[in-house]
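Engineer: In my numbering, the protein residues as written are 40 to 401. Even for Gly, the Cβ is constructed at its ideal location relative to N, Cα and C. The following block contains the structure, expressed as structure tokens.
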Amino acid sequence: MKDFLLIIVIIMSACSSQQYSQNLIINSEDTLVKNEAGLFFFDQNLSYEENKKISALFSYRNIGQDAKDFIVNIQNNRNLETENRQLIRTLYNNINRIQASKKRVQIKTPFDLDSTDVYLSAYEQPIKNKLLRSNQPVTNILSNKLLFCSSYYDEMDISVIDKLIQEDRDFVLITDQKVSNFQINLIKGNILPKKNYFYDQQNPQAFAAEVLGIKESQERFNEIKRISSGLSIEFLPRRNSNLEIIILDVSASNLKRLLPAFNYNYAADLNYYSTSSANLLFNDEIDLNDLEKLFAPIPRPVDSYSKTKEIFSNNHAIISDTILVEVLRQIGVSKALVNGYSGILKYTGSGCIERDIPLTQI
């Protein structure tokens, strides 16, 4: 009998290697560091409020009359890091050019001028502008390159793929489409998941249990219990300890079904990433429900969405940045690093605009 029980213990141990806690503790110091690091511009020699104000100026919107004086005071009274000092100098020169410009620029845009997004975007610009109507307005803004080197959809996925390359670890891909934009970008990058799962609207908790290996662990326990002649055996759900990264290449609605299901199944410690398939919008706190700890490609810090009454759709973000780039070109700005609404813009005065969409953890 002792030998038989030993065999049971060995088999149960083989089901997985570790029990995982669903609790995550973050102390206040970690939170403070995360908030400061989340700003567009950060220099350790400046206060949080100073870094925050400079980050806002890099958007090149709502530039106050005191902007130049503020920058000069920072330059004269702070020992900035070398790279940051250069960024600040360029920012000052560009703001000076904007405030010195007296002409009203005319911009031919590929957008529907009757849309609210276009109207708001024109109003946000640093100088007066007149938008000219295009004969063929763009219909699908998110999948169109416009002035940028890649479409918004592609750049969202590239952000996730770059992170996968950086991590250099196996990942599991979950998708609800036979072919998605993210899958196409994976193929282009010659990156393959360790395993694929297709979510077809089945029970999310049962699906999560299957992906995590908990279902298999339960089946092994049932078999052990069947052959144990009625012995009382305690069963603790265990998941596959080799899993570290899960890519949720699914719609926003499916994302909100699946992520809580994985957390419920003892997997709150894994790294989860969304893709362009979700096309997430963070206009208010309601959109953040059930998505805690998710890594998502979004252009602005989450708190800037939840604390504003304005509606920042992805279309609005792209339109506003496109018009801003044309404004900068027409007034002769040669280079600028922009804290854009649709991402970090690297403007050089010619060629397509490089845009990085940061990965933000909710």
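Beta carbon of residue 287, beta carbon of residue 297: below 9 Å?
Structural biologist: A contact, by the Cβ cut-off of 9 Å.
Engineer: What does DSSP give as the partner residues of residue 145 in its beta bridges?
Structural biologist: Answer by DSSP bridge pairing, in chain order: 169.
Engineer: Mind reading off the beta-carbon distance from residue 392 to residue 180? Whole number of angstroms is fine, and I expect it under 8 Å.
Structural biologist: No, residue 392 and residue 180 are not in contact; Cβ-Cβ is about 15 Å, not under 8 Å.
Engineer: In angstroms with no decimal places, state the Cα-to-Cα distance between residue 158 and residue 152.
Structural biologist: Rounded to whole angstroms, residue 158 to residue 152 spans 7 Å at the Cα level.
Engineer: Check this for me: beta carbons of residue 208 and residue 284, under 9 Å apart or not?
Structural biologist: Cβ distance < 9 Å, so residue 208 and residue 284 count as in contact.
Engineer: Please classify residue 366: is it buried, with 16 or more other beta-carbons within 10 angstroms of its beta-carbon, or exposed?
Structural biologist: Residue 366 comes out buried.
Engineer: Starting from residue 336 and walking both ways along the alpha helix (DSSP H), at which residues does that stretch end?
Structural biologist: It is not in any alpha helix (DSSP H) - residue 336 instead sits in the beta strand (DSSP E) that spans 334-336.
Engineer: Smallest Cα separation from residue 100: which of 223, 305 and 162?
Structural biologist: When only C-alpha atoms are compared, the closest one is 162.
Engineer: Roughly how many angstroms separate the alpha carbons of residue 374 and residue 120, rounded to a whole number?
Structural biologist: Residue 374 and residue 120: Cα-Cα distance of roughly 20 Å.
Engineer: Measure the alpha-carbon distance for residue 394 versus residue 386 and round it to whole angstroms.
Structural biologist: About 9 Å.
Engineer: Between residue 282 and the rest of its own chain, which residues show a CB-CB distance below 7 Å, the 5 nearest in sequence each way excluded?
Structural biologist: Cβ within range, chain order: 211, 251 and 309.
Engineer: Excluding the 5 residues preceding and the 5 following residue 295 in the sequence, name in chain order all residues of the same chain whose CB lies nearer than 6 Å to its CB.
Structural biologist: Only 329 meet the Cβ criterion.
Engineer: Just tell me which of 219, 142 and 363 has its CA closest to the CA of residue 227.
Structural biologist: Cα-wise, what sits closest to residue 227 is 219.
Engineer: Check the DSSP bridge columns for residue 92 and list the partner residues they point to.
Structural biologist: DSSP lists no partner for residue 92.
Engineer: Kindly indicate the opening and closing residues of the beta strand (DSSP E) around residue 395.
Structural biologist: Counting along the chain, the beta strand (DSSP E) containing residue 395 begins and ends at 393-395.
Engineer: Quick one, which of 307, 289, 291 and 300 has its alpha-carbon nearest residue 280's?
Structural biologist: Answer by Cα proximity: 307.
Engineer: Residue 202 to residue 166, Cα distance in whole Å?
Structural biologist: Cα to Cα, the separation comes out at about 37 Å.
Engineer: Since residue 97 and residue 81 are thought to touch, with beta carbons under 8 Å apart, how far apart are those beta carbons, to the nearest angstrom?
Structural biologist: Their Cβ separation, rounded to whole angstroms, is 11 Å, which puts residue 97 and residue 81 out of contact at 8 Å.
Engineer: For the segment 168-213, list the alpha helix (DSSP H) runs that are entirely contained and at least 4 residues long, ordered along the chain.
Structural biologist: Counting only runs of 4 or more, we get 191-206.
Engineer: Confirm, please, whether the CB-CB distance from residue 134 to residue 110 is below 9 Å.
Structural biologist: It is a contact, given that the beta carbons lie within the stated cut-off.
Engineer: Terminal residues of the continuous beta strand (DSSP E) containing residue 383?
Structural biologist: Element bounds for residue 383: 383-386.
Engineer: Give me the Cα-Cα distance between residue 221 and residue 205, rounded to the nearest whole angstrom.
Structural biologist: Taking the straight line from one Cα to the other gives about 17 Å.
Engineer: So for residue 97, helix, strand or coil by DSSP?
Structural biologist: Of the three classes helix, strand and coil, the one that applies to residue 97 here is coil, per DSSP.
Engineer: Would you check if the distance between the CB atom of residue 336 and the CB atom of residue 396 is smaller than 9 Å?
Structural biologist: Against a cut-off of 9 Å, the Cβ pair of residue 396 and residue 336 comes out as a contact.
Engineer: Just curious, the alpha helix (DSSP H) that residue 109 is in, first and last residue?
Structural biologist: Where residue 109 is concerned, the enclosing alpha helix (DSSP H) stretches over 106-116.
Engineer: On the premise that residue 195 lies in contact with residue 315, defined as a C-beta separation below 8 Å, what is that separation, rounded to the nearest angstrom?
Structural biologist: Residue 315 to residue 195, Cβ: 4 Å. Contact.
Engineer: Is residue 238 buried or exposed, if buried means 16 or more other CB atoms sit within 10 Å of its CB?
Structural biologist: It counts as buried.
Engineer: I think residue 160 touches residue 362, with their Cβ atoms under 8 Å apart; what is that distance to the nearest whole Å?
Structural biologist: Rounded, the Cβ-Cβ distance is 5 Å, consistent with contact.
Engineer: Could you check if residue 277 is buried or exposed, using at least 16 other CB atoms within 10 Å of its CB as the buried criterion?
Structural biologist: Flag for residue 277 reads buried.
Engineer: Going by the beta-carbon positions, is the gap between residue 370 and residue 92 smaller than 9 Å?
Structural biologist: No; because the gap between Cβ atoms is not below 9 Å, this pair is not in contact.
Engineer: If you check the beta carbons only, do residue 177 and residue 185 fall under 9 Å apart?
Structural biologist: Contact flag set, yes.
Engineer: Assuming residue 132 is part of the beta strand (DSSP E), what are its boundary residues?
Structural biologist: From DSSP, residue 132 is part of no beta strand (DSSP E) but of the alpha helix (DSSP H) over 121-139.
Engineer: Output the distance between the C-alpha atoms of residue 113 and residue 124, rounded to the nearest integer angstrom.
Structural biologist: The straight-line gap from Cα to Cα measures roughly 9 Å.
Engineer: Could you check if residue 173 is buried or exposed, using at least 16 other CB atoms within 10 Å of its CB as the buried criterion?
Structural biologist: Residue 173 comes out exposed.
Engineer: Look up residue 295 in the DSSP assignment and say whether it is helix, strand or coil.
Structural biologist: Residue 295: helix per DSSP, three-state reduction.
Engineer: Quick one, which of 354, 338, 242 and 229 has its alpha-carbon nearest residue 399's?
Structural biologist: The option with the nearest alpha carbon to residue 399 is 338.
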